[in-house]
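Engineer: Residue numbers (the working numbering), protein chains in the order written: chain A, 1 to 166; chain B, 167 to 334.
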Amino acid sequence: MSAALLIDIILWGSVAAVGFIAYRRGPKVLTASLREGSMDFVNIVPRIALGVIGSGYIAAVIPQEIITGWLGPNSGWFGVATAVIAGAATPGGPVVGFSIGAVALKAGGGPPQVIAYVIAWALFAFQRLLLWEIPFMPARFVWFRATVSVPFPFVAAAIAMAIGKP
Amino acid sequence: MITIGVLVAASATLVYRRDGVDGVLDILTRDLTLFGGILPRVLAGCLLGAFIAEILPHEKVSRSLGPNSGLKGLLIGAAFGAILPGGPFTAYPVASALLAVGADFGATIAMVVSWTLIGYGRAVAWELPIMGTDFTLWRIVISLPLPLLAGALGRFVYVRMYPKDDVE
C-alpha cells in the first residue's frame, strides 16, 4: 500500500512540476494544456470503465489451471513458445498475470518459461493492447509495436537459459 | 469497443450461469473499487501527457528522439520509460504526446517497452510481492537490453515499411 502511495506522490509531483513549467511559459499555456488534458480524460474514462469493470469477468471465465498447465517443467523451447502465447492471451490486470506466473513457478514450471510468460504478458497481452493502449495511442503504432515485440520474450528466455538464473 | 463490450457481456453471462448473481456482483464491486482507485491516476496521466506535449520544444524532440537520433535517441527513450511514474494511464498518453511532437516509432517503442519491462511502478507494486525478490530482480536484469533492441528493430522495420515517412 505504501508503494502505491509513493507512486501516487511521484506521479502528482511530476504533474505539478510540468504544470509549473507550463505556467512559467505563460498562464495561457497552462490553461490550454489543462483543457487539453481534461478533454483526454473525459474521452478516455468510458473506455477504461469498460476495460476495468469488464476484465474481471473475462478473467473469471478463463480457468487459470489451463494457462499454468502450458508452462510445464522441462518443456524447452516448445514450453517457451506456449508460454509466449499464454502470456499474450492472459486477461486481466497485473494481479492476474503475476499470480499465474507465481503459480506456474511454484508448480515446477521452468524459470525461462515463466520469464517468457511474464515478459510476453507485459509486452503484448492482447486484452491490454485493446483496452489500454489503443484508446490512448494511434492504432498503427500499437500494432507495429506489438509485432516488433514478438521476438523479445524468446530473447529473454534464451538469456535466462544461458545464465542459468533466476 | 463494440467487440470488447460483447466479450464482456458474454463473460458476465457465463459468470452468472456459473456463480449466480453473487458471483457477478462480487466481481463488479471489486472492479468498481479498482476503477475508483485508478481514476485520479488516469487524470494525472492525461494532464502529464498534455503538459509534456505543450512544453517540450518540437524541434528538440525530433532531433533527440526522431528517426535520425541514432542509439542516443533509443537510450533517451528507454531511460525516460524506466523513470516514468504511474501505470498505463500515464505511460500511454505520454508516449502518444512524444509521437505527436516528433519522436519516431523506434524511440517511442524503446520508451513503452522500457516502461513495461524495467519501469519500477509495476515491479514494486505487484511483481515483488507476488513473484518474490529473486525472480523480479533477475527478470529485470534480463530485460535491460530489450528496450534498446526493440527500439532498434522497430526503427529498422519502420524505415523499410514506410520509406516515404523517413524524409525529414
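Glycine is no exception: its CB is placed at the ideal position from the N, C-alpha and C atoms.
Beta-carbon separation of leucine 319 (chain B) and isoleucine 284 (chain B) under 8 Å?
Structural biologist: Contact flag unset, no.
Engineer: Confirm, please, whether the CB-CB distance from methionine 137 (chain A) to isoleucine 324 (chain B) is below 8 Å.
Structural biologist: Checking the displayed sequence, the identity of residue 324 (chain B) turns out to be tyrosine instead of isoleucine. Not closer than 8 Å, so no.
Engineer: Any beta carbon from chain B within less than 8 Å of tyrosine 117 (chain A)'s own beta carbon?
Structural biologist: No, no contact with chain B.
Engineer: Please decide whether glutamate 293 (chain B) counts as near chain A, where near means a Cβ-Cβ distance under 8 Å.
Structural biologist: Closer than 8 Å: yes.
Engineer: Considering only C-alpha positions, which residue in the set B:Gly215, B:Asp197, B:Ile193 is nearest to glycine 19 (chain A)?
Structural biologist: Of the listed residues, the one whose Cα sits closest to glycine 19 (chain A) is B:Gly215.
Engineer: Under a CB-based cut-off of 8 Å, is phenylalanine 154 (chain A) close to chain B?
Structural biologist: Chain B, which has no Cβ nearer than 8 Å to the Cβ of phenylalanine 154 (chain A), makes this no.
Engineer: Decide yes or no for the touch test of the segment 17-33 of chain A against the segment 132-146 of chain A: beta carbon pairs closer than 8 Å, at least 3 of them.
Structural biologist: Taking 8 Å as the limit for Cβ pairs, the verdict is that the segment 132-146 of chain A does not touch the segment 17-33 of chain A.
Engineer: By Cβ distance below 7 Å, which residues in the same chain neighbour valine 260 (chain B) in space, the five residues on each side in sequence not counted?
Structural biologist: Once the five neighbours on either side are set aside, the close Cβ partners of valine 260 (chain B) are Leu214, Gly215, Ile218, Leu250.
Engineer: For the candidate residues B:Ala269, B:Ile296, B:Met297, B:Thr195, whose alpha-carbon lies nearest to that of glycine 317 (chain B)?
Structural biologist: Closest by alpha carbon: B:Ala269.
Engineer: For glycine 239 (chain B), name the three-state secondary structure that DSSP assigns.
Structural biologist: Helix.
Engineer: Label arginine 207 (chain B) either buried or exposed according to how many other C-beta atoms from any shown protein chain fall within 10 Å of its C-beta, with 16 as the threshold for buried.
Structural biologist: Under this definition arginine 207 (chain B) is a buried residue.
Engineer: Less than 8 Å between the beta carbons of glycine 243 (chain B) and alanine 289 (chain B), yes or no?
Structural biologist: No, the Cβ-Cβ distance between glycine 243 (chain B) and alanine 289 (chain B) is not below 8 Å.
Engineer: How about alanine 102 (chain A): is its C-beta nearer than 8 Å to some C-beta of chain B?
Structural biologist: By this cut-off, alanine 102 (chain A) is an interface position.
Engineer: Buried or exposed for valine 42 (chain A), please, with buried defined as at least 16 other CB atoms from any protein chain shown within 10 angstroms of its CB.
Structural biologist: Exposed is the call here.
Engineer: Can you grab the Cα-Cα spacing for the pair threonine 82 (chain A) / alanine 17 (chain A), in whole Å?
Structural biologist: Near 44 Å, if we compare the C-alpha coordinates of alanine 17 (chain A) and threonine 82 (chain A).
Engineer: Mind listing which residues of the segment 231-260 of chain B have their C-beta closer than 7 Å to chain A's C-betas, in chain order?
Structural biologist: Result list: Pro251, Gly252, Pro254, Thr256, Tyr258, Pro259.
Engineer: At the level of alpha carbons, what is the spacing between glycine 186 (chain B) and phenylalanine 141 (chain A)?
Structural biologist: The alpha-carbon atoms of glycine 186 (chain B) and phenylalanine 141 (chain A) are separated by roughly 41 Å.
Engineer: Is the beta carbon of valine 174 (chain B) less than 8 Å from the beta carbon of isoleucine 134 (chain A)?
Structural biologist: No, they are not a contact pair.
Engineer: How many angstroms separate the CA atom of arginine 305 (chain B) from the CA atom of proline 166 (chain A)?
Structural biologist: The alpha-carbon atoms of arginine 305 (chain B) and proline 166 (chain A) are separated by roughly 8 Å.
Engineer: Let me know the alpha helix (DSSP H) ranges lying completely inside the segment 280-327 of chain B, each 4 residues or longer, listed in chain order.
Structural biologist: Listed in chain order, they are 294-297, 299-309, 312-327.
Engineer: Methionine 161 (chain A) lies in the alpha helix (DSSP H); which residues open and close that run?
Structural biologist: Taken as a continuous stretch (DSSP letters only), the alpha helix (DSSP H) holding methionine 161 (chain A) covers 152-163.
Engineer: Any heavy atom of the ligand ADP closer than 7 Å to the Cβ of leucine 214 (chain B)?
Structural biologist: This structure lacks the ligand ADP; in fact it carries no ligand of any kind.
Engineer: Taking the alpha-carbon positions, what's the isoleucine 296 (chain B) to valine 15 (chain A) distance?
Structural biologist: Roughly 29 Å separates the two Cα atoms.
Engineer: Once DSSP output is grouped into helix, strand and coil, what is the label at threonine 90 (chain A)?
Structural biologist: It is coil, neither helix nor strand.
Engineer: Are the C-beta atoms of glycine 54 (chain A) and some chain B residue less than 8 Å apart?
Structural biologist: Yes, its Cβ sits closer than 8 Å to a Cβ of chain B.
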